[in-house]
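Accompanying notes for the structure given below.
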């Protein structure tokens, strides 16, 4: 049955509200856990991993969709967000602020090889729960390798201190309204950070010796928000799939991933614009490792995924194609406007392919 106008609006509202609640909750969770870890004397490395390696919005929405018997929608978010970062985020950075970078060859090798385990397990047409366990288990070794490289090499792509400095510089410039500066001022602002100031909220209201537990309490509340938001988003998505007459795989790979991934523009493009391209590259490298291991793996553990059909003819070709373009650009040490145009064109073609193939 075709829903009336009010029903359509409710579906859209549920979906958008759900996604926003997830994003806000994830932001609060990340800040609370990071500050709590520091307050409790835990290594700041966890902050780095969360910022550059894991995309909680994506995996939470994916798991919720899989749990609600929409595995295609869940799988679509894995490919969709990966293509968004590779095609849209890196592409926009290349077009607007062409940059040079010196990516360690070890990182490039890991990033290029990591997807092949996912690809190999998916070749039989199904990513089973056991396959999901295998993929999820590989994420920790990836992090261990990156940690080792970070510890014993001079190039620190995942430096939490540099991320913090970059964000402070961005906030200072935004508050002052400075139009000058090395990069031409705030001529293009991609910061969708909602600036929740969890640290300020806790530090002002909680005695110092209780700050650690307080931050962890905020993290627990944020987890509840993630759960509620993901359920709202999936319920709205269910109705929208019927209204639009599209497959869950296409919707998850395009609309759902696009909305949930907007902050990736800030994490990738803004560091480049402010003269810290290695931070943006670190986000790309860490995110790719997460998408092809724990992200896909956790979703498959909840519900087996169908990896035949357009997954083979559309999603894998676009993923490997854009990943190769980005890897070649990183290997050459420069992401220029021609590369950016190629990546943005590929991302636009990916959207079209999802609805015509």
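Residue numbers (full-length UniProt numbering): 1 to 357. Idealized CB from N, CA, C, for every residue including glycine. What you are looking at is a predicted structure, and each value in this text was computed from that prediction instead of being measured.
Note: residue 126 is bridge-paired with 306 in the DSSP secondary-structure output. Within the DSSP bridge table, the entry for residue 270 names no partner. The distance from the Cβ of residue 132 to that of residue 301 is about 4 Å, consistent with a contact at the 8 Å cut-off.
Approximately 33 Å separates the beta-carbon atoms of residue 280 and residue 13; this is outside 8 Å, ruling out the contact. Note that the C-beta distance between residue 121 and residue 113 is not below 9 Å. The residue among 308, 60, 314 with its C-alpha nearest the C-alpha of residue 356 is 314. Contact holds between the stretch 317 to 337 and the stretch 98 to 117, because three or more Cβ pairs, one in each stretch, are under 8 Å apart. Restricting attention to 247, 78, 17, the CA atom closest to the CA of residue 289 is found in 78.
For the set 60, 97, 63, the Cα lying nearest the Cα of residue 341 is the one of 97. Distance from the Cα of residue 91 is smallest, within the candidate group 240, 272, 310, for 272.
Taken atom to atom, the span from the alpha-carbon of residue 320 to that of residue 80 is near 13 Å. When the Cα atoms are used, residue 142 and residue 286 turn out to be separated by approximately 9 Å.
In this model, residue 293 and residue 346 are separated by some 24 Å (Cα to Cα).
In this structure, the straight-line span from the alpha carbon of residue 258 to that of residue 88 is close to 9 Å. Beta-bridge pairing by DSSP links residue 99 to 335. For residue 73 and residue 305, the gap between their C-alpha atoms comes out near 10 Å.
Of the residues assessed, residue 144 falls on the exposed side of the cut-off, its CB having fewer than 16 other CB atoms within 10 angstroms.
Residues of the same chain with a CB within less than 6 Å of the CB of residue 344, apart from the 5 flanking positions on each side, are 91 in chain order. In this structure, the CA atom of residue 348 is about 34 Å from the CA atom of residue 222.
The alpha-carbon separation between residue 250 and residue 76 amounts to approximately 6 Å.
Look at residue 261 here: in three-state DSSP terms it is coil, with no helix or strand label. In the same chain as residue 239, and ignoring 5 residues on each side of it, the C-beta atoms closer than 6 Å to its own belong to 11, in chain order. If you check the CB distance, residue 334 and residue 101 come in under 9 Å.
Pairing residue 317 with residue 353, the inter-Cα distance amounts to about 11 Å.
Restricting attention to 83, 117, 148, the CA atom closest to the CA of residue 323 is found in 83.
With a cutoff of 9 Å on beta-carbon distance, residue 297 and residue 135 are scored as near each other. The straight-line gap separating the alpha-carbon atoms of residue 65 and residue 25 is approximately 18 Å. About 12 Å separates the Cβ atoms of residue 125 and residue 310, ruling out a contact at the 8 Å cut-off.
Restricting attention to 233, 336, 295, the CA atom closest to the CA of residue 118 is found in 295. Per the coordinates, the alpha-carbon of residue 229 lies some 38 Å from the alpha-carbon of residue 337. Apart from sequence neighbours up to five positions away, the residues of its chain that approach residue 253 with a beta-carbon distance below 6 Å are 76, 79, 80, 354, ordered along the chain.
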